[in-house]
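One structure is given below, encoded as structure tokens.
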Amino acid sequence: MDPFDRDGKADARPLFDCGEGTQVPIKAASLGVGHIDTLAVTHLHADHVTGIPGMLMLIGQADDERPRDLLALPTVCDYVGQTRKLLGFHMPFELRYHPLDPAGGTFQGDGFTLEWAPLEHRVPNLGFRYEEATRPGRFDAARADALGVPRGPARRALQNGEDVEVGGRRFEVKYWSQVIASTGSGQRPTPRRKAPKLGRQGPSDGEEGLVVAPMQGTIVKVHHAAGESVRANEPVCVLEAMKMENEITAPVDGDIVDLRVQPGDTVTAGAIIMIIK
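The opening position of the sequence shown corresponds to residue 37 in this note's numbering, with each subsequent residue numbered one higher.
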């Protein structure tokens, strides 16, 4: 069974970036590539794009004619198109090019949504946010039989989250926190997986002065010492992650009352860097 399956059925999944030799460990782990129907590329650096030709050829060996989508900046789309022409390799499927707006946007895939936004780097660069659509759970046929729900449209409606009435008896589907629970025979569906929002996220109430790490990385520069005053949106430190330097800014005006990092420190996503009051 494909390890990326959903209820026994292989899922369509995006692959983010494709450095040299990406297909080698995938083959070695017997993961298969049939579930990859979208390739999203962040930027035009060799360690992010040189594996694309090999990956496309590996997917093509499966004789799967479903079209694939390439989501990338126009320069990356041009690189892939020119490389295909130069190498002249055959693919049994259509590769659909989607040159992305560097300012940001969204793409609706098969069971998922991709959102992208610009990130700071030495070259134009995008960050992606992946969100799965809510999907139905498995249908409990034995319970449906016990409740007298006939096979056919009524059962399909229940699994899809719709209320039905059978023989004067009503079966309702209720919703709690984006998860559906049925009083009839449908099991709760799997809730969608949702990545954090791209860009700066505001702290919760009572935490306006917290400066937290948006991702795991290494602190390479701290602009202020404890006790110094800063203004909202003023840079306070630089976090390096995935070979990119990310400038962290102050969320509010105030004094740094607690500085918890110094250059060279490794921090996890959500770790407190400093407190401003």
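Using N, Cα and C, we set each Cβ at its ideal position, and we do this for glycine too. Owing to the predicted nature of the structure, the values given are computational and were not obtained by experimental measurement.
Where the alpha helix (DSSP H) containing residue i begins and where it ends
| i | result |
| --- | --- |
| PRO189 | 189-195 |
| MET91 | 88-96 |
| ALA82 | 82-85 |
Boundaries of the beta strand (DSSP E) in which residue i is found, first to last residue
| i | result |
| --- | --- |
| ASP105 | 104-108 |
| ASN269 | Careful: ASN269 lies outside any beta strand (DSSP E) and carries neither H nor E. |
| LYS313 | Taken as a continuous stretch (DSSP letters only), LYS313 belongs to no beta strand (DSSP E), as it is neither H nor E. |
| GLY141 | 141-144 |
| GLY163 | 161-168 |
| GLU208 | Careful: GLU208 lies outside any beta strand (DSSP E) and carries neither H nor E. |
| VAL248 | 246-248 |
Within 7 Å, strictly: CB atoms of residue i and residue j
| i | j | result |
| --- | --- | --- |
| PHE164 | GLN195 | no |
| GLN59 | MET91 | yes |
| ILE311 | GLY245 | yes |
| GLY87 | GLY124 | no |
| VAL77 | ASP53 | yes |
| LEU109 | PRO154 | no |
| ALA286 | VAL297 | no |
| LEU275 | ILE284 | yes |
| ALA268 | VAL293 | no |
| ILE309 | VAL247 | yes |
| HIS157 | MET278 | no |
Other residues of its chain near residue i: CB distance less than 6 Å, five sequence neighbours each side excluded
| i | result |
| --- | --- |
| PRO103 | PHE129, GLU130 and ARG132 |
| LEU325 | What the structure shows of the chain is the stretch from 37 to 313, and residue 325 is not part of that stretch, so it cannot be assessed. |
| ARG236 | Confidence at ARG236 is low in this model, with a pLDDT of 39, below 50, so the placement of that residue is unreliable and no value is reported for it. |
Residues bridged to residue i [DSSP beta-bridge criterion]
| i | result |
| --- | --- |
| PRO135 | ALA108 |
| ALA180 | None; ALA180 has no bridge partner. |
| LEU67 | Paired residue(s): none; LEU67 is not in a bridge. |
| VAL116 | VAL116 is not bridged to any residue. |
| GLY290 | VAL266 |
| ILE72 | ARG49 |
| GLU156 | Answer is none; GLU156 lacks a bridge partner. |
| LEU275 | ILE255 and ASN282 |
| GLU151 | THR142 and ARG165 |
| LEU295 | MET310 |
| VAL200 | PHE207 |
| THR302 | THR254 |
| PHE125 | Beta-bridge pairing links PHE125 to no other residue. |
Nonlocal neighbours in the same chain, by C-beta distance under 7 Å from residue i, ignoring five residues either side
| i | result |
| --- | --- |
| VAL112 | VAL77, LEU80 and VAL85 |
| VAL200 | ALA190, ALA193, LEU194 and PHE207 |
| MET127 | LEU92 and GLY96 |
| ILE72 | ARG49, LEU51 and ILE95 |
| TYR115 | LEU80 and VAL85 |
| TYR166 | PRO50, PHE148, LEU150 and ALA231 |
| THR302 | THR254 |
Contacts around residue i, its chain only, beta-carbon distance under 8 Å, and the 5 residues preceding and following it disregarded
| i | result |
| --- | --- |
| GLY290 | GLY245, SER265, VAL266, ILE312 and LYS313 |
| THR304 | ALA249 and GLN252 |
| VAL69 | GLN59, ILE62, MET91, LEU94, ILE95 and ALA98 |
| THR142 | THR149, LEU150, GLU151 and TRP152 |
If contact is defined by three or more beta carbon pairs under 8 Å, each pair taking one atom from either stretch, is the region 261-268 in contact with the region 136-155?
no
Assess, as a yes-or-no matter, whether the region 139-154 is touched by the region 57-71 under the definition of 3 or more beta carbon pairs within less than 8 Å.
no
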